[in-house]
Structures are given as C-alpha cells and as structure tokens.
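Scroll down for the structure; my scribbles are underneath it.
Residue numbers (my numbering), protein chains in the order written: chain A, 573 to 1118; chain B, 573 to 1118.
What follows is the structure, encoded as structure tokens:
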C-alpha cells in the first residue's frame, strides 16, 4: 500500500518534528530526551497554573500534540503508533511542566494508557508532585461495556478543563470538573473502511456494500456492520445510537463532528449537512467541526461526540485559544443569512433601425452561414469539426433576431449581440464573442470611435481567453484587420489583412490556446485555422457589400 | 466506491449548506438565488473597500468558500464539481458585494473560469462597476505550457491581495499587486493516485508501484509517472522540479504545503519533515501548512507552492485573519526549542534488613514460585496460560534482589518493589503491581499503618486498572484480605478471606477487565481466576509462616 512515510520506525518522530517545525505556534518545544521520549510541551509556561497533560498512542493526529498551547494542553506525551507511551515518558512530561499548582493527566480509557500514566502519576507523587488523573471513556458503541473506549469526546475535556486551568482554577477543581465532564460525553464512530497501520498489509476488512458502526480509533471491531447507504442515512443511524445512549430529556448538547482520517473536506461538509437534518441536531446548541481532531490514521470515517452541557461549559468552549488544530466553535441556530440576490434580468433593448449597420450585420452573418461546410472541413483536420456549425448557428440566431436589435444605437447593439451570443452560440467561442462585443460596446461608449473600440474588444478577448497572436486562433485574422482600420485604411484593406492573417496560420505549428485536446504539431502544418478563416470571410463579405 | 454523499446532483449545495451552518464565522451568508447560483459572501461587508471575489469549480474545499472572511475573500462563486460557475453566478456575486471601490476577480487559469468570470466582468463594467481580474497560473508541471494551470498557489494571492484590500488600498493597486504576485508563484503536485468524481466509477489509473508527478487538481494527467518511493525521495523529486523552475538566485520564498484531499495528518507531518530536509527548504522563510487548502476531492497527494517574496509580502502573510480554513503562518528558522529533560535515574535504595519483613517477602515469593504450574493451568482455561509464569518470574526477581532491598524501611521497600516489578514483571500485571506498591508506599509514608496503606494501594490499582470487585481479577481475593486486616483481624483470618474470595470467582461469569481477549462467559463458569488464586496463596503462605 502506497503511503507517504520513510522508515517505519521513524514515523512518529518525523511526524512530530514536521509538526513542530511548521505549526504557527513557535513556542512549542520537545524534551531533549526525545526522540526516545516523545513529549511536546509549551516553553511559555510558568508553572503557576495547573498543568494539563494528555497523550497516548500516535496515529490520532492532530491529537494530542496539536492541542498543546495556551488554553488547552501544557504537554502531550506521544507513544508509537497505537501504543501507549512509556511510564518514563509520562513522568518526564510531569516533571518538566508541573509546579506548585500540580498537574492533571487526561487519559483515554485504554488499559495501556491507564497503567502507564497511572504508574507515572504514582511515581510523581512519590517525588512530591500533586497529580490527578481523569479518564475519558466516551465511546457508547458497545452498551454496558466493561471498558468503554476513549475517543474524540476527549477534546471536550481538553478544552473545558484547559480553560479552567488557564483561568487559574486549583487542581482539585480542575480535576473534579474533568471527571465530571468525562461522565457526560457520548461518542460513536462510523467508517467506510478500517485503517491501515503503515507497513502492515491492508486487510480487505469490509465488503464493498458494508460500513462499520461503532468501531474504535485503532480499527477495533465495531458494534455492527450495516449496509452502505447515502450519507444522510448513515448519519441518521449513528445519531440514533447516540440518542439511545443519552435518552429523552431537555438537556442541551455540544457536538463534535470529527474526521477519522481520510474523508475529503467536501464529504465532511455533506456529513455536517446531513447531521443538521437529524432530530438529534435539534438538541444541539454548539457545534465543533467538521475537522480532523482525533483521527485513526487513514480511516475513511467520521465520529460524533456529544457533551451534555452544564451552564458553565459554553464560556469555556467558546473562549478563543492559540491552538492551530482547534477548529473554533459555532453556535447552532445562528441564522445562516440569505442575502437577496439583485435580480439580474436579461437586458432589454428597444429595437431600432440603421440601414448601413443592418447591411454590415447581414453580410457578416451570410459569410458565416455559407461557410458552414468549409469551416467544419478545416476544423475536422485539427479538432472536433464543429467550428462551421457553431459560427453558422450563431449567425442564424442574429439574423432571426435582427428586427429586435437596437441597430440604431452602436453601444446597445454591441451589448445586445453579446447577450445573444452568450445565450445561443455556446462553448468557448460563444463566451469569447460575447466578451468581444461587450468590451467593444463599453469602449465605444467611451470613445465613439469604432476602430479603437474594436481593438479594445479584441484585447479583452485576448486577456480573458489567454491566446496571443500566433497561437492559431481567430485573433490571427481579427487583429490585422482591426489594425488596418485603426491606421485609417479602408474596409477592403482590412479584409485583405484578415485574409493574409488567416492564410498565415497554415504555417503556424502551435496548437490553438482554446483547443480542447492536444494536436500533434505536424498535423497542423498547411491547415488554416478555422476561426481565423471565419473572421477573414466576414471581413471579405462586409468589404464586398459596402 | 463508498462515499459520504447523498444525491449526486446535491453534492455542492449540501456541502455549502453544511459549511455555512458549522463554520465559526456566522457572518457568512449565501445569495438567495442559491442553490442555483452558489455564492458565499460576507454580510459584515460595507463595500467601502475593494471586494475580493474568487471561485471556480467545486471539489477543492476548503477553497473557495472557506477563505471568505475579513482579510481574505469577500465572496466565493462556486460551480458544480470541477465545473466553472455560470456568468450569471459571477455577475450576481459582483453586484452583491461591489461598491464604489470596485472589485477584483481572482481566477485560476482554466478556460471555463477565465471566460465565465471574464464575461461577467465585462457585463458588470457595462452596468457601471469597476472590475479587475487577476489570473493565477502557478502550476510549473509542464514547462513552457501554453496555459499553466492554477492551483494552490492561488492562496498567496487571496491572502496578500486580501490584506491590501482590507487595509483600504485602491483597486488599481490591489489588482496590480495580485497580477504581480501571480507572476512569481510556482507550484507542483504529486499524488499516489488520482481523484474520483463522486458517482463516477474509479479508474485504476496508476500501478501499485507508480506515483504521478505534476498532475492537476482535477486529476488531469501529470508530467510523468515515477516509481513509488519513500516520502523523502518523492518530496525531493517534487522540490527539485520547483528548483528548476525558480532557478538559482538569492531570493527568499514563502511555501505552502497543501494536502490534496485524503492524506492522513500524520503523513502530512512526515511530508513536512521531509520537505524541511531538502535544499529547497533552505531558501524558504515562511511556511503555510501542511493543511487542506486547495484539494482535489479524495486525491491522496500533496502539492507545494512557492512565492518569491517581496519585502511587503511578509506583513500581509503574517497578518491574522478570522478565516477558519487559513492555517496560520510559520516563520522558518524559528528555533524548535529543546527543553532539557530532567534526568530520571532509576531510584537508588540503600539495602537494609528486617527479619520479619524478609520472612514475609520470602513466604510470598515462595507461594508464587511453587504455584507456577497450577496458575498457568487455571489461566489456560480462560486466557493465554501465562499467569503462573508471570508471577513466578517476578517472585524470582524479588528473591534474587532480596539483599539489595531496603527491608528495614517500609516506605522505601514499597517503592523499590514498585520499581523492580515495573521493570521485570512486564505486561498489565507488572504495571498494576508497580502501581499497588508505589501507592501503598506513598500512603504508608502518610499513615504509618499498613492495613490502610494497603487499601489505598488497592484503590489506586482499581482506579488506574479500571476493574471492580466481581470482575474476576486479583481484587476479588486481595480486597477481602485487606478488609480483614483493616478490621483488626489476624493474618489467618485475612488468608481465609482471600481464599473465600478466590473460590467465589469460579461462580463469576464476567470476563476479567484486564483480559486481552473476549472469553465466552459459560467457559468461565467453575474456573477460579488465576490472579485471585495467586493472591490467596500468597496470604495463606504468609499466614502459615508468621
């Protein structure tokens, strides 16, 4: 299985070094007995308040090192992947950050963590430190389990007890609050597949039609396998499990929506949407996430954690922290505002006449309509063979709408043509022609001089379309023609310039910027670009009629 | 392919609704012509400054809606998955947020986006708005490409131009700066596999031994396929491509490390570590990420983007923003501090003698050593059959070290036994016994009364171990024995209580809390728990010797 790792034995130390060197909080540090003892801790810590220490096996990033910082953890003790840190590592952390105020160890309910943190706590007490422990066992997957697992709900304890410690609350109060919190957290996970420990061969664990409900954050088996279904249904199943656990009451809840590892952000947003459609959401006041908080390596799943709120919890949850991995908190029920969109009706143009203008338009359209087969033929040698059809259809549209066009008003005529071509011509050429006419109209309104207005239109088309002269596009005949007009020369001269420009494209070997697919450059040789041919024919026909 | 989605046609609208309802910034809103027009915008926006509008196809979350907020974007216009938003959607956004100061459109270099944003810009100008556009084409994968793709480097433009707009800079200055920025950004991606558009059948695109270098954020083909290798090597390849593009100079750079979708956090941290080991990193002053910034659905890859820094860029990059998806910025070269770990030497205990104490220890150890086979036999019926070996080995250790133990000092003896058992007994029972003796010693130091000290030890063992009386553990014989001693009764009575307690476990059908594996409850019936049997035999032998 392809994974972004180096040596298996270096995974955790490299990950922590990578984290420490890139996290915005440069006050974080590591103990210098690291990498053997993997402890991340604050250096801006004066020991005057209760130290908050958490940790456990790695593989749950950003937990736990990502939550070290003012207002949350003082230190994180990290084990190897899914393995508890050693007693010595925990003890080193305690000794490094604990002052007179003592420390609180926040431990997820796994035997290894309980025992290693527990023994370290007893050792530290023998050394004279004040140490308390709170154990979080929030997983409700297995009803009546002897040892409920500790999962993402632990974040509630980090945040709320962390707030109390930062406020200067004494150890007994912080630890009592932490244990009290741990007793009112309810979590469950659901995953489309289990995780794979780097270096291990992935198991084909679940069928393509199955998902696992209530699995642990180390890929432990869940409470049941259920059929894969829409996100809304899977979320409903997970939420109803939690609703069973919390029972009926008027209690209000805070909720964490946790990405277990590899769910793409757009799918987490869909899960958030689905969550808010459940009846459980109506009991929720505070939302944290969706975010990667307590992951399980590459697990393609989510977990939800509920905290039954006490009055003092909200201030603690909402208090800002300088911890990059903490995603912030949202008050549910805040209205998602609707901003009235300004009604953008199709612009209306009063029809008006001008014989000369109508003559030019007729000539241009006739040129395109009669060139349908020739242009398709050219295009079929280098593209998908529809240039003639696209231009001819657009021209027919313009002819059909002719008596509705404001032909007596150049500015409005340009905008009307832009609107017409954007709606009916389609594709990139439709958008480009619409841009050309809109920009030309806007320029003509300012300058009242067609040659420079046309040049401004062409320039905007170049800017937005990204093509330059020589790229085998309609620009190669359009620009020389407009240049001629700007130089004060006749329409005949402009048509000749357009023709020369179009013919020259046959010797250009660069694929057009707008081409949908790559064309081998030697197959371009000798073929005139159909777009520039179309423009040349338009100028020729117009010159002939004038 | 299992994905967390509902109806395919609702993916983007549900994701945006999920985002809007959970993002901590409740001032974000949507235009009420949504879901047809998918525009996310600020409602705390007074139009006095230049509006910053970006957008494009969806599937790149948190881009672009996640970057709407004070200091970055004013509005994000979102298309369907990998599809440009319509001209009308862009125009709605412009009209909704643009005042006298005008607006800047920041567009990634894709034909559809250029043309739809471009036509909308021209339409808006015709309506009297001041509109500028900056196009970002930062992908250096294909050297000399006619149309370099716009990828995660676009974030540099959002952040720096967003800062200038927030400071009140006029439109010409902001748009000129944005275009200037776009000209000095260099990005490349590398992925272990391509992305899968929800609802499409996944392609088996790359071999198990291949990775793709330089692929686009829509799964477009990359510049080459290279052999899968360690993260450090893959990062080196990506970085050397960027180094080729930027050439030799003394320029300093800012760098974005972007998660393209489904790389687990721990692997992004390893990639960050690997990145910082490259020669490219020595030219980097500012680091943003690793983070999901511009993803490509579920793509299991990363991209790096470099910005050649100008003096004014740093202030803009480091300025804080109230935008949840912005990961913050790290100054490279900030020392990652090392905190000296307090040397936690093994505690040293001066040997001392006490005949009575030595007699008790000898009796206890003898009981365990001679019970090896019996205890293994009991354990083999319910577990892995090693309880006898574990206890006997620990007892032999204690006997071997007997003349080094501080037998004349109860407190120190307890701590010495704790240390010995933690190091040599191993497993959960080793940690539990170490906790028992450490806590007993700590309590005896306070109380100088063995029965209550032993009870405190047992209580700490229960707290950290998580077992209760009745769970079929050593507690079931240990607690009754200590109870007897606390009641002032003889060691004989304590031994009888322990024996009764052990025998009673044969009728308990609950698997022990510390058991490694689940045991069917009917196979427990009639079998005495080996841990409680061990404790009973210790008390019986001690009573017999005293």
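Beta carbons: idealized from backbone N, C-alpha and C, even for Gly. Source: prediction; values computed, not measured.
**Asked** Nearest-angstrom Cα distance between residue 785/A and residue 724/A?
**Response** As a position in the first chain, residue 785/A is number 213, starting the count at 1. As a position in the first chain, residue 724/A is number 152, starting the count at 1. Cα to Cα, residue 785/A sits roughly 15 angstroms from residue 724/A.
**Request:** With DSSP as the reference, label residue 680/A as helix, strand or coil.
**Result:** Translated into positions along the first chain, residue 680/A becomes position 108. In this structure, residue 680/A counts as strand in the three-state DSSP scheme.
**Prompt:** Going along the chain, which residues of its own chain have a beta-carbon closer than 7 angstroms to the beta-carbon of residue 1105/A, five neighbours each way excluded?
**Reply:** The residue labelled residue 1105/A in the question sits at position 533 within the first chain. Only 947, 950 and 1074 meet the Cβ criterion.
**Item:** Beta-carbon proximity of residue 764/A to residue 580/B, cut-off 7 angstroms
**Value:** Against the first chain, residue 764/A aligns to sequence position 192. Against the second chain, residue 580/B aligns to sequence position 8. Their beta carbons are not under 7 angstroms apart, which means residue 764/A does not touch residue 580/B by this criterion.
**Item:** Same chain only: Cβ atoms within 8 angstroms of residue 749/A, ignoring 5 sequence neighbours per side
**Value:** Position 177 of the first chain, counted from the start, is the residue given in the question as residue 749/A. Only 732, 733, 736 and 741 meet the Cβ criterion.
**Message:** Looking at chain A, is there any beta carbon in it that lies within less than 7 angstroms of the beta carbon of residue 750/B?
**Reply:** Here residue 750/B corresponds to residue number 178 of the second chain, with the count starting at 1. No, no contact with chain A.
**Prompt:** Apart from the five residues just before and just after residue 790/A, which ones in its own chain have a Cβ nearer than 8 angstroms to its Cβ?
**Reply:** Position 218 of the first chain, counting from 1, holds the residue named residue 790/A. Closer than 8 angstroms at the Cβ level, and outside the excluded window around residue 790/A, lie 629, 631, 654, 767 and 868.
**Asked** Rounded to a whole number of angstroms, what is the C-alpha to C-alpha distance between residue 842/A and residue 811/B?
**Response** Locating residue 842/A in the first chain gives position 270, where the first residue counts as 1. Locating residue 811/B in the second chain gives position 239, where the first residue counts as 1. The alpha-carbon atoms of residue 842/A and residue 811/B are separated by roughly 34 angstroms.
**Item:** Same chain only: Cβ atoms within 7 angstroms of residue 875/B, ignoring 5 sequence neighbours per side
**Value:** Taking the second chain and counting its residues from 1, one reaches residue 875/B at position 303. Only 723, 724, 759, 760, 761, 830 and 832 meet the Cβ criterion.
**Message:** Please identify the residue among 877/B, 866/B and 865/B whose C-alpha is closest to the C-alpha of residue 856/B.
**Reply:** Taking the first residue of the second chain as position 1, residue 856/B is located at position 284. That would be 877/B, whose Cα lies nearest to the Cα of residue 856/B.
**Message:** If you measure between the beta carbons of residue 798/B and residue 828/B, is that distance less than 7 angstroms?
**Reply:** What you label residue 798/B is simply residue 226 of the second chain in a count that begins at 1. What you label residue 828/B is simply residue 256 of the second chain in a count that begins at 1. No, the pair does not count as a contact, with Cβ atoms beyond the cut-off.
**Prompt:** What residue ranges within the segment 818–895 of chain A form continuous alpha helix (DSSP H) runs of no fewer than 4 residues, ordered along the chain?
**Reply:** 837–848 and 885–890
**Request:** Mind checking which residues open and close the alpha helix (DSSP H) that includes residue 967/B?
**Result:** Your numbering for residue 967/B matches position 395 in the second chain. Here the alpha helix (DSSP H) through residue 967/B covers 959–973.
**Which of helix, strand or coil DSSP assigns to residue 710/A** = The residue labelled residue 710/A in the question sits at position 138 within the first chain. The answer is coil: DSSP assigns residue 710/A none of H, G, I, E or B.
**Asked** residue 772/A to residue 682/A, Cα distance in whole Å?
**Response** Translated into the one-based positions of the first chain, residue 772/A becomes position 200. Translated into the one-based positions of the first chain, residue 682/A becomes position 110. The alpha-carbon atoms of residue 772/A and residue 682/A are separated by roughly 22 angstroms.
**Item:** Inter-residue spacing [alpha-carbon to alpha-carbon] between residue 1085/B and residue 656/B
**Value:** Position 513 of the second chain, counted from the first residue, corresponds to residue 1085/B. Position 84 of the second chain, counted from the first residue, corresponds to residue 656/B. Residue placement at residue 1085/B cannot be trusted, given a pLDDT of 47 that sits under 50; the coordinates are not used to answer.
**Prompt:** Relative to chain A, which residues along the segment 830–845 of chain B have a C-beta separation below 8 angstroms, given in chain order?
**Reply:** 833, 834, 835, 836, 837, 838, 839, 840, 841, 842, 843, 844 and 845
**Prompt:** What are the partner residues of residue 627/B, as DSSP defines its beta bridges?
**Reply:** Against the second chain, residue 627/B aligns to sequence position 55. Answer by DSSP bridge pairing, in chain order: 649/B.
**Span separating the alpha-carbon of residue 997/B from that of residue 953/B** = Your numbering for residue 997/B matches position 425 in the second chain. Your numbering for residue 953/B matches position 381 in the second chain. For residue 997/B and residue 953/B, the distance between alpha carbons rounds to 22 angstroms.
**Asked** Whose C-beta lies closer than 7 angstroms to the C-beta of residue 1089/B among residues of the same chain, with five residues either side of it excluded?
**Response** For the purposes of this step, residue 1089/B is taken as the residue at position 517 of the second chain. Unreliable positioning characterises residue 1089/B in this predicted model, as indicated by a pLDDT of 41, which lies under 50. A coordinate reading is not provided.
**CB contact below 7 angstroms: residue 1064/A versus chain B** = Position 492 of the first chain, counting from 1, holds the residue named residue 1064/A. Residue 1064/A does not count as touching chain B.
**Item:** Proximity below 7 angstroms, CB of residue 1111/A to CB of residue 1066/A
**Value:** Here residue 1111/A corresponds to residue number 539 of the first chain, with the count starting at 1. Here residue 1066/A corresponds to residue number 494 of the first chain, with the count starting at 1. Yes, the pair counts as a contact, with Cβ atoms nearer than the cut-off.
**Prompt:** Taking the beta strand (DSSP E) that residue 797/B falls in, what are its first and last residues?
**Reply:** Sequence index remark: in the second chain, residue 797/B carries index 225 (1-based). Segment 796–799, the beta strand (DSSP E) holding residue 797/B.
**Asked** From 609/A, 608/A and 623/A, pick the residue whose C-alpha is nearest to that of residue 615/A; which is it?
**Response** Your numbering for residue 615/A matches position 43 in the first chain. When only C-alpha atoms are compared, the closest one is 623/A.
**Item:** Of the residues 669/A, 1014/A, 783/A and 730/A, the one placed nearest residue 635/A, counting alpha carbons only
**Value:** Against the first chain, residue 635/A aligns to sequence position 63. It is 730/A.
**Prompt:** How would you call residue 670/A, buried or exposed, if buried means at least 16 neighbouring beta carbons within 10 angstroms?
**Reply:** To locate residue 670/A, count along the first chain from 1; it is residue 98. Result: buried.
**Asked** Given that residue 659/B touches chain A, what residues does it touch there, using C-beta distances under 9 angstroms?
**Response** Residue numbering aside, residue 659/B sits at position 87 when the second chain is read from its first letter. Here the neighbours are 994, 1003 and 1006.
**Request:** Work out the CA separation of residue 865/A and residue 727/A for me, nearest whole Å.
**Result:** Taking the first residue of the first chain as position 1, residue 727/A is located at position 155. Taking the first residue of the first chain as position 1, residue 865/A is located at position 293. If you take the alpha carbons of residue 727/A and residue 865/A, they lie about 8 angstroms apart.
**Request:** At 7 angstroms on the CB atoms, spell out the chain B contacts of residue 1000/A, in chain order.
**Result:** Counted from its first residue, the first chain places residue 1000/A at position 428. Under the 7 angstroms cutoff, chain B gives 683 and 687.
**Other residues of its chain near residue 931/A: CB distance less than 8 angstroms, five sequence neighbours each side excluded** = Position 359 of the first chain, counted from the start, is the residue given in the question as residue 931/A. Cβ within range, chain order: 1117 and 1118.
**Asked** CA-CA distance, residue 1203/A and residue 647/A?
**Response** This structure leaves residue 1203/A out entirely; chain A is present only between 573 and 1118.
**Item:** Contacts of residue 1032/A in chain B (Cβ-Cβ under 8 angstroms)
**Value:** Residue mapping note: residue 1032/A aligns to position 460 of the first chain, counting from 1. Those are 690 and 694, listed as they occur along chain B.
**Asked** So residue 924/B packs on residue 986/B, CB below 8 angstroms; how close in whole Å?
**Response** On the second chain, position 352 is the one that residue 924/B refers to. On the second chain, position 414 is the one that residue 986/B refers to. Going by Cβ atoms, the distance from residue 924/B to residue 986/B rounds to 14 angstroms, so no, they are not a contact pair.
**Prompt:** How big is the Cα-Cα spacing for residue 989/A and residue 664/B?
**Reply:** Residue 989/A sits at position 417 when you count from the first residue of the first chain. Residue 664/B sits at position 92 when you count from the first residue of the second chain. About 21 angstroms.
**Prompt:** What are the boundary residues of the alpha helix (DSSP H) that residue 1016/A is part of?
**Reply:** Taking the first chain and counting its residues from 1, one reaches residue 1016/A at position 444. First-last of the alpha helix (DSSP H) with residue 1016/A: 999–1019.
**Message:** Between which residues of its own chain and residue 668/B is the CB-CB distance below 8 angstroms, once the five residues before and five after are set aside?
**Reply:** Position 96 of the second chain, counting from 1, holds the residue named residue 668/B. So the list reads 603, 611, 613 and 647, once near-sequence residues are dropped.
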